[in-house]
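Okay, structure first, notes after.
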Amino acid sequence: MDIIDLLHTENVDVSSADKEGKDAPHVAVTSGAARIVKQLSDTSADIDAADRCGWTPLAIAAECGLHDIALILLQKKADANVKSANGNTALRCAAGSGCAWTCLFLLMYGAAIDPKNCYGATSLLMAVTHRSADEFKLLVDEGANVDTNDHGKRTSLHLTIKNRANDIVEMLLDHGAYLRLKDKRGFTPLMVAAQAENIPAISCY
Numbered sequence: 001m002d003i004i005d006l007l008h009t010e011n012v013d014v015s016s017a018d019k020e021g022k023d024a025p026h027v028a029v030t031s032g033a034a035r036i037v038k039q040l041s042d043t044s045a046d047i048d049a050a051d052r053c054g055w056t057p058l059a060i061a062a063e064c065g066l067h068d069i070a071l072i073l074l075q076k077k078a079d080a081n082v083k084s085a086n087g088n089t090a091l092r093c094a095a096g097s098g099c100a101w102t103c104l105f106l107l108m109y110g111a112a113i114d115p116k117n118c119y120g121a122t123s124l125l126m127a128v129t130h131r132s133a134d135e136f137k138l139l140v141d142e143g144a145n146v147d148t149n150d151h152g153k154r155t156s157l158h159l160t161i162k163n164r165a166n167d168i169v170e171m172l173l174d175h176g177a178y179l180r181l182k183d184k185r186g187f188t189p190l191m192v193a194a195q196a197e198n199i200p201a202i203s204c205y
């Protein structure tokens, strides 16, 4: 019998948390300990418990690109749509981490694609901000809105051109991204390209 089984047999409180609200599943995920996460998920541990910032074990796994742990938690019925204190979902975290496998698993288990966080950012906007082409393609193929905007009214096209992710610019245009939408400053994507001196993006017009 290993230590996890022994502690559970001795009726140790698996939901006990530290000052930040992190309990044993949070710590196991942060350590990347997939076997421990699986063992804890087989106990009475609440795998959807959030710490003081609203982070669940699944969100941490998504943020860290730990797709194997994310899958374990999803198979144990972790909620794929829980939001943190600032409105981030696990899918938004996965899109920002550059882990397409985690994004795929979350979508397979019912993660909503287009919810926004407190800044108005969706999973797709996060993927393009981090120049994550694989995650972008996956999200768009699953129906993500290519013209959604954040609180600055910046669309995926604005952000992609600014970040010079021109491979994604071409994919956005192939998926019908609207070229004339303006951000809060009144800038169109073409104006952003001109400001950034992004000549390849300008040539796409």
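Numbered per the UniProt record's numbering, the sequence shown spans residues 1 to 205. Using N, Cα and C, we set each Cβ at its ideal position, and we do this for glycine too. Treat the numbers as computed from the prediction; the structure is a model and nothing was measured.
- Inter-residue distance for A70 and F105 is about 8 Å (C-alpha atoms, whole angstroms).
- N88 carries a coil assignment under DSSP once its states are collapsed to helix, strand and coil.
- Under a 10 Å Cβ-count criterion, M108 is classified as exposed, with fewer than 16 other Cβ atoms of the shown protein chains found around its own Cβ.
- Taken in chain order, the complete alpha helix (DSSP H) segments of 4 residues or longer contained in the stretch 49-135 are 57-63, 67-75, 90-97, 100-108 and 123-129.
- Contact check for L181 against D150 fails: the beta carbons are separated by 9 Å or more.
- Taking a 10 Å sphere around the C-beta of P189, we find 16 or more other C-beta atoms and assign the residue as buried.
- In this structure, R92 sits away from S41, with a CB-CB distance that is not shorter than 9 Å.
- The alpha-carbon separation between L173 and E135 amounts to approximately 17 Å.
- Residues of the same chain with a CB within less than 6 Å of the CB of T102, apart from the 5 flanking positions on each side, are A62, H67, A70 and A94 in chain order.
- Taking H175 as reference, the option from K184, A144, D183 and E197 with the minimal CA-CA separation is A144.
- Look at T155 here: in three-state DSSP terms it is strand.
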